[in-house]
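Sequential numbering from 43 applies to the sequence shown in the working numbering.
Don't be surprised by glycine CBs; every beta carbon is placed ideally from N, CA and C.
Quantities reported herein were computed from a predicted structural model and do not represent experimental measurements.
This report concerns only the one structure given below.
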Amino acid sequence: MRECLLPLLLLLVPLPAAAETVDQAIASAPPGTRIGLLVVDDDGREIAAIRADERFVPASNTKIFTTVAAYATLDTEAPDAAGGASVRLDGRDVVLTGHGDARLSSLDGCTSDCLADLARAVAARTRVVGDVIGDDTAFPDERWPAGMSWNNMAGQYGTAVSALTIDDNVIVLTVSPGSDIGAPAIVTGDGYFRIDSRITTSAPGTTPDLGFARLPGSDMLRLTGTIPAGTAPRSLTVGIDDPAHRAAWRLAALLRAAGVRVTGRITSRHRPLTPDDDPGTRGNAPVARPPEPVALARLTPPPLAQDILHTNKVSQNLHAELLLRRVGAVGGAGSVADGQARVTAILTAAGVGPAGYDFADGSGMSNYNRITPRAAVRLLRWAAVQPWGAAWRATLPVGGQDGTLARRFANTPLAGKLFAKTGTLNAANALSGYLIAASGRTLTFSALANDMPQDASATRAVDRALLAIAAAH
């Protein structure tokens with residue numbers, strides 16, 4: 043999901059007038075906007091209810107459901123030994139295997155969960171290798187969710203999902219202006235993509251305008267736009283289609299840097315999705331996994347709690363998708379369907395019926411997702427009383443302080459007192475979580491807005507409504 047920071051003018055929400063009602067605040071949304079709102083007190087009594095049982099596209103509020111499932115299913119506090127990538131030698135070939143870790147890094151200066159450590163393990167054993175293979179068969183090959191716009195695939199918000207993830211499955215290019223106005227810009231990358239750059243140098247003082255496009259499955263990246271002369275270099279962050287191949291490509295580069303000769307190909311190995319990857323088809327029977335070959339070395343990433351904190355604070359789509367698959371791998375095949383089955387079981391335990399939700403992914407990028415405000419509030423109240431509830435709540439952005447709420451509710455009575463997950467997608471805004479009202483009581487809420495015209499924002503109207511409710515209670 044595109045959790046871009048909205049313009050400052052939208053985020054500096056004025057305090058509602060003393061006489062302003064929730065209905066008046068909601069009515070200030072762009073014409074045509076449909077808003078659902080449910081707020082309950084700490085005893086579960088309804089304070090405000092507007093279309094509470096209608097279904098809305100939740101955008102990144104989907105991450106609430108995914109990360110709650112992760113806390114309820116996985117060991118989030120211990121070092122993440124189950125998720126770490128491993129490397130082994132298969133004859134002369136090097137096999138790099140992923141197990142769902144979202145944080146594997148090949149970047150310079152890496153200090154934790156580093157691909158370079160696996161490269162050193164290979165270099166300590168041999169100085170010549172054949173193929174370098176990226177293996178992501180721990181999960182079925184489901185790289186993009188149903189219902190995600192195809193044009194998002196080329197960017198960081200829609201990069202491919204894989205059990206073998208490297209550097210958030212993106213590549214960063216640097217664009218610098220040329221020496222003269224009208225001259226081609228200078229584009230610097232690492233050579234993974236072929237680049238067709240049409241970026242030119244514009245006059246000083248003009249606004250930079252950089253764009254890129256890549257057809258699915260293609261390694262040709264087309265760059266367009268302008269960059270002003272004399273300005274600092276700018277970055278373009280590009281998504282990739284085959285993370286397992288990219289990870290193998292990066293490992294081969296690190297092996298060469300360590301003095302290991304790579305004589306073979308860079309390849310990837312996937313597991314096709316089959317009917318057995320759907321718990322409904324296989325009758326919910328546990329999945330038997332063949333024993334994994336002995337690894338030469340395996341990484342142990344930090345606890346998953348740290349990753350869930352990052353996922354919710356900045357709304358990281360790829361990490362949420364991997365959490366859904368990891369939840370599904372507990373007794374299952376690690377498929378999206380397995381993850382959704384676990385989410386459904388948790389929602390049932392929380393008292394949420396099937397009419398309250400539909401999910402096609404774990405991050406909120408899919409336009410097929412639907413929830414009701416009541417479903418979100420019931421799950422939030424259920425999570426709050428779980429043994430891990432306080433730890434999970436601490437992963438949510440805080441109004442006026444951090445994450446995607448760093449500038450929202452700043453300089454209002456809810457600064458530091460609202461803990462909620464945001465959501466932004468085409469014609470969809472969402473905010474669900476907890477707030478501390480003027481009385482000191484904790485309220486649980488879900489505000490979902492859809493159908494704004496021309497992708498306008500309903501954020502200001504929602505925030506004014508929450509401020510009015512907090513002031514009155």
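Selection R298, G267, I68 evaluated against V170 yields R298 as nearest (Cα-Cα). Note: Y399 is bridge-paired with I413 in the DSSP secondary-structure output. Counted as a single uninterrupted DSSP element, the alpha helix (DSSP H) harbouring F107 occupies residues 104-115. When secondary structure is reduced to three states using DSSP, V329 falls in the coil class, being assigned neither helix nor strand. For V385, the enclosing alpha helix (DSSP H) covers residues 378-391. Within the region 271-299, the complete beta strand (DSSP E) segments of 3 residues or longer fall at 276-281, listed in chain order. Here G142 is not near G373, since their CB atoms are 9 Å or more apart. Separation of Q198 and N359 (C-alpha to C-alpha, rounded to the nearest whole angstrom) is 9 Å. Closest in alpha carbon position to S147, among G301, L157, T139, A295, is L157.
With the rule of 3 Cβ pairs closer than 8 Å, the region 87-97 does not count as touching the region 384-396. For D261, the secondary structure class from DSSP, reduced to helix, strand or coil, is coil. In the structure shown, the three-state DSSP call for V369 is helix. Nearest Cα to P258 within the set P250, G200, V369, S221: G200. Taking 9 Å as the cut-off, the beta carbon of I223 is found no closer than this to the beta carbon of S204.
In the DSSP secondary-structure assignment, V137 is bridged to R130, I175. Distance from T139 to L206 at the Cβ level is roughly 7 Å; contact confirmed, criterion being Cβ atoms closer than 8 Å.
V64 sits in a helix when the DSSP states are folded into three classes. For Y410, the closest of T75, Y113, A225, S102 by C-alpha to C-alpha distance is S102. In this structure, G176 sits near A289, with a CB-CB distance shorter than 9 Å. In this structure, A111 places its C-beta atom within 9 Å of the C-beta atom of G381. DSSP places I213 outside any alpha helix (DSSP H); the residue lies instead in the beta strand (DSSP E), whose first and last residues are 212-218. Taking a cut-off of 8 Å for Cβ pairs, the region 482-498 and the region 71-82 touch, as three or more such pairs fall below it. Using a 10 angstroms sphere on the CB of V302, the tally of other CB atoms reaches 16 or more, which defines it as buried.
In the structure shown, P495 falls within a helical segment according to DSSP collapsed to helix, strand and coil. DSSP places G475 inside the beta strand (DSSP E), whose first and last residues are 470-478. The alpha-carbon of Y234 is positioned some 14 Å away from that of A196. Between A472 and D493 the beta-carbon gap is near 13 Å, outside 8 Å, which marks them as no contact.
In the same chain as I413, and ignoring 5 residues on each side of it, the C-beta atoms closer than 6 Å to its own belong to P100, Y399, in chain order.
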